[in-house]
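Down below is the structure, laid out as structure tokens.
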Amino acid sequence: MTDPLFRPEYVGSEGTEATEFVKERPQLTGTPPAPEDAAKSTIKELAKDYFPKEPKPIGAGDLRIESKTYFNDKPRYDPIRARILPDEEDDTSERTA
Amino acid sequence: MIRACDVCMEDVNGRVAQGDIYKDIHFIEDVSQDHGVIEVKRILFPYVVVLTQDCDLQQDFGVRWPNPERMPKDQDKRLLSVLVAPLYNAEHFFAGTHLSELRSDGKPIAMQKIKRSGTKGETIESNDFPRYHFLKFADDVQLVDLVVDFKHYFSVNVEYLKRVRPTNYKCKIAELFRENLCLRFGNFLARIGLPDAVEAPSTT
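In order, the protein sequences belong to chains Z and Y.
Numbered as in the numbering used here, the first sequence ends at 97 without a single skipped number.
Numbered as in the numbering used here, the second sequence ends at 1204 without a single skipped number.
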């Protein structure tokens, strides 16, 4: 009985996919760097991304957390005072009198 | 413990809804008249959250601003006011200074100072203290950590809120977090006040 998970089309035979892949690889020339130097250069490259010499300009998005501090208000009194004006009717009656 | 509070900025048909956060809302403390001068004592709260049931607010909206095609038969569902609770800056709250600009007997109102990293502070931040509700917003919401004190709820006029909505509406607490807030508020109001412990009378 055939195993349903066994898919023979993905199994390369010698001289087909594997050989072609090797042919496409670039040929290395010169002396390869020592493993330590290679690691250092990689770290340097990575560090450039994370620690740029020039500071990044601050965008609106970067200010979001800082802007949370703006809310400094507290409940406060805000009264209204107003003088009552005499009614128009009373005013008329006074004038009539 | 970080408690995210999801907020959606969408408006719900322009109506006042449960979980809405408004800024600069007046609470009318007293109205008096003396020698022809009327004085309205108002307290301006920087932020408040709406606590009234959303279905009640929806029905009230339908009565006050009805759809011409579906006019209500009566005003049975009309509300008199909307229940809100002030939101205090957590930093002020833990320092006990959140009401320092209000006065009692001529002195600034001093509230209890609570150590944030202490047991009580941590209990409040994890929303395990019945009187308070702690809200921590995501970074994209320009609101600092806020605390609701359920003892300080008050009511405001529905039409007042509707009128200031275009300018004072800040955001809306997402449904799940809103339900959590309102359920905790309901539980706080429904608590049973028990007398202080007294010594049992001696039987001997």
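Positions of the beta carbon are idealized from the N, C-alpha and C atoms, including for glycine.
When Y:Asp1076, Y:Gly1106, Y:Ile1114, Y:Arg1165 are compared against His1092 of chain Y, the one with the closest alpha-carbon: Taking the second sequence and counting its residues from 1, one reaches residue 1092 of chain Y at position 92. Per the Cα distances, Y:Ile1114.
Quick check: the region 1155-1166 of chain Y against the region 1187-1195 of chain Y, are there 3 or more CB pairs under 8 Å? Segment contact: the region 1155-1166 of chain Y against the region 1187-1195 of chain Y, fewer than three CB-CB distances shorter than 8 Å; contact not assigned.
List the whole-angstrom C-beta distance separating Tyr1047 of chain Y from Leu1102 of chain Y, where the pair is believed to meet the contact cut-off of C-beta under 8 Å. The residue you call residue 1047 of chain Y lines up with position 47 of the second sequence. The residue you call residue 1102 of chain Y lines up with position 102 of the second sequence. Taking C-beta atoms under 8 Å as the contact rule, Tyr1047 of chain Y and Leu1102 of chain Y fail to qualify, at a distance of about 16 Å.
Cross-chain neighbours of Val1037 of chain Y in chain Z, by beta carbon under 8 Å: Stepping through the second sequence from its first residue, residue 1037 of chain Y is reached at position 37. Under a criterion of Cβ atoms nearer than 8 Å, the residues of chain Z adjacent to Val1037 of chain Y are, in order, Arg81, Ala82, Arg83, Ile84.
7 Å Cβ cutoff, Asp100 of chain Z in contact with chain Y: Since the displayed chain Z opens at 1 and closes at 97, residue 100 of chain Z lies outside it and no answer follows.
Continuous alpha helix (DSSP H) stretch holding Arg1191 of chain Y: start and end: In the second sequence, residue 1191 of chain Y corresponds to position 191, counting from 1. Arg1191 of chain Y: not part of any alpha helix (DSSP H); DSSP gives it neither H nor E.
What ranges does the beta strand (DSSP E) occupy inside the region 1122-1171 of chain Y, keeping only unbroken runs of at least 3 residues that lie completely in it? As far as the region 1122-1171 of chain Y is concerned, its whole beta strand (DSSP E) runs of at least 3 residues are 1132-1137, 1146-1149, 1154-1156.
With a threshold of 7 Å between beta-carbons, can Arg1003 of chain Y be considered close to chain Z, or not? As a working note, residue 1003 of chain Y is residue 3 in the second sequence. With a pLDDT of 47 at Arg1003 of chain Y, under the threshold of 50, the modelled position of that residue is not reliable, and the figure given next carries that caveat. With 7 Å as the cut-off, Arg1003 of chain Y does not count as an interface residue toward chain Z.
With a 10 Å radius around its C-beta and 16 neighbouring C-beta atoms as the bar for buried, classify Gln1018 of chain Y as buried or exposed. Taking the first residue of the second sequence as 1, we reach residue 1018 of chain Y at position 18. Result: buried.
Any chain Z beta carbon closer than 7 Å to Glu1101 of chain Y: For the purposes of this step, residue 1101 of chain Y is identified with residue 101 of the second sequence, where counting begins at 1. For Glu1101 of chain Y, a Cβ of chain Z is located within less than 7 Å of the residue's own Cβ.
Can you tell me which of Y:Pro1108, Y:Ile1043, Y:Val1016 puts its alpha carbon nearest to the alpha carbon of Arg1064 of chain Y? Counted from its first residue, the second sequence places residue 1064 of chain Y at position 64. Nearest C-alpha to Arg1064 of chain Y: Y:Val1016.
Span separating the alpha-carbon of Gln1112 of chain Y from that of Phe1094 of chain Y: Counted from its first residue, the second sequence places residue 1112 of chain Y at position 112. Counted from its first residue, the second sequence places residue 1094 of chain Y at position 94. Taking the straight line joining both Cα atoms gives about 8 Å.
Cβ-based contacts, 8 Å cut-off: residues of the region 1042-1053 of chain Y near chain Z: Here the close residues are Arg1042, Ile1043, Leu1044, Phe1045, Pro1046, Tyr1047.
Taking DSSP as the reference, what is the three-state secondary structure of Pro1059 of chain Y? Sequence index remark: in the second sequence, residue 1059 of chain Y carries index 59 (1-based). At residue 1059 of chain Y the sequence reads Gln, which differs from the Pro that was named. Of the three classes helix, strand and coil, the one that applies to Gln1059 of chain Y here is helix, per DSSP.
My assumption, with CB atoms under 8 Å, is that Phe1134 of chain Y sits in contact with Glu1122 of chain Y. Please give the rounded CB distance. The sequence position of residue 1134 of chain Y within the second sequence is 134, counting from 1. The sequence position of residue 1122 of chain Y within the second sequence is 122, counting from 1. Between Phe1134 of chain Y and Glu1122 of chain Y a beta carbon distance of about 10 Å is seen, past the 8 Å cut, so the two are scored as non-contacting.
Can you have a look at Leu1161 of chain Y and say buried or exposed, based on whether 16 or more other CB atoms are within 10 angstroms of its CB? Numbered from its first residue, the second sequence carries residue 1161 of chain Y at position 161. Of the other Cβ atoms in all chains shown, 16 or more fall within 10 Å of the Cβ of Leu1161 of chain Y; this residue is therefore buried.
Please name the residue, chosen from Y:Gly1106, Y:Leu1099, Y:His1026, Y:Ile1043, that lies closest to Val1147 of chain Y on a Cα-to-Cα basis. Within the second sequence, numbered from 1, the residue matching residue 1147 of chain Y stands at position 147. The shortest Cα separation from Val1147 of chain Y among Y:Gly1106, Y:Leu1099, Y:His1026, Y:Ile1043 belongs to Y:Leu1099.
Under DSSP, the beta strand (DSSP E) around His1098 of chain Y begins and ends at which residues? Here the question's residue 1098 of chain Y lines up with position 98 in the second sequence. Here His1098 of chain Y belongs to no beta strand (DSSP E), and DSSP marks it neither H nor E.
Please determine if the region 1171-1189 of chain Y and the region 1026-1041 of chain Y are in contact, where contact requires at least 3 C-beta pairs separated by less than 8 Å. Flag = no, the region 1171-1189 of chain Y and the region 1026-1041 of chain Y do not touch.
Can you name the residues of chain Z whose CB is closer than 9 Å to the CB of Val1147 of chain Y? By one-based count along the second sequence, residue 1147 of chain Y stands at place 147. The premise fails here: Val1147 of chain Y is roughly 12 Å from chain Z at the closest Cβ pair, so nothing lies under 9 Å.
Buried or exposed, going by whether 16 or more other CB atoms sit within 10 Å of the CB of Cys1055 of chain Y? Here residue 1055 of chain Y refers to the residue found at position 55 of the second sequence. Counting Cβ neighbours within 10 Å, Cys1055 of chain Y comes out exposed, since fewer than 16 surround it.
Distance, Cα to Cα, Val1141 of chain Y vs Lys74 of chain Z? In the second sequence, counting from the first residue as 1, residue 1141 of chain Y sits at position 141. In the first sequence, counting from the first residue as 1, residue 74 of chain Z sits at position 74. Distance from the CA atom of Val1141 of chain Y to the CA atom of Lys74 of chain Z, rounded to whole angstroms, is 20 Å.
Determine which residues share a DSSP beta bridge with Pro1108 of chain Y and list them. Along the second sequence, one-based indexing puts residue 1108 of chain Y at 108. Note: Pro1108 of chain Y sits in a beta bridge opposite Y:Arg1103.
Can you tell me whether Asp1054 of chain Y is helix, strand or coil according to DSSP? Within the second sequence, numbered from 1, the residue matching residue 1054 of chain Y stands at position 54. Looking at Asp1054 of chain Y - three-state DSSP - the assignment turns out to be helix.
Excluding the five sequence neighbours on either side, which residues of its own chain have a C-beta within less than 6 Å of the C-beta of Phe1129 of chain Y, listed in chain order? For this step, residue 1129 of chain Y is matched to residue 129 along the second sequence. Annotation for Phe1129 of chain Y: Thr1123 place their beta carbon closer than 6 Å to its own, counting only its chain and skipping 5 residues before and after.
Residues of chain Z with a CB under 9 Å from the CB of Val1040 of chain Y: which are they? Working through the second sequence from its first residue, we reach residue 1040 of chain Y at position 40. Listed along chain Z are Pro79, Ile80, Arg81, Ala82, each with a C-beta nearer than 9 Å to that of Val1040 of chain Y.
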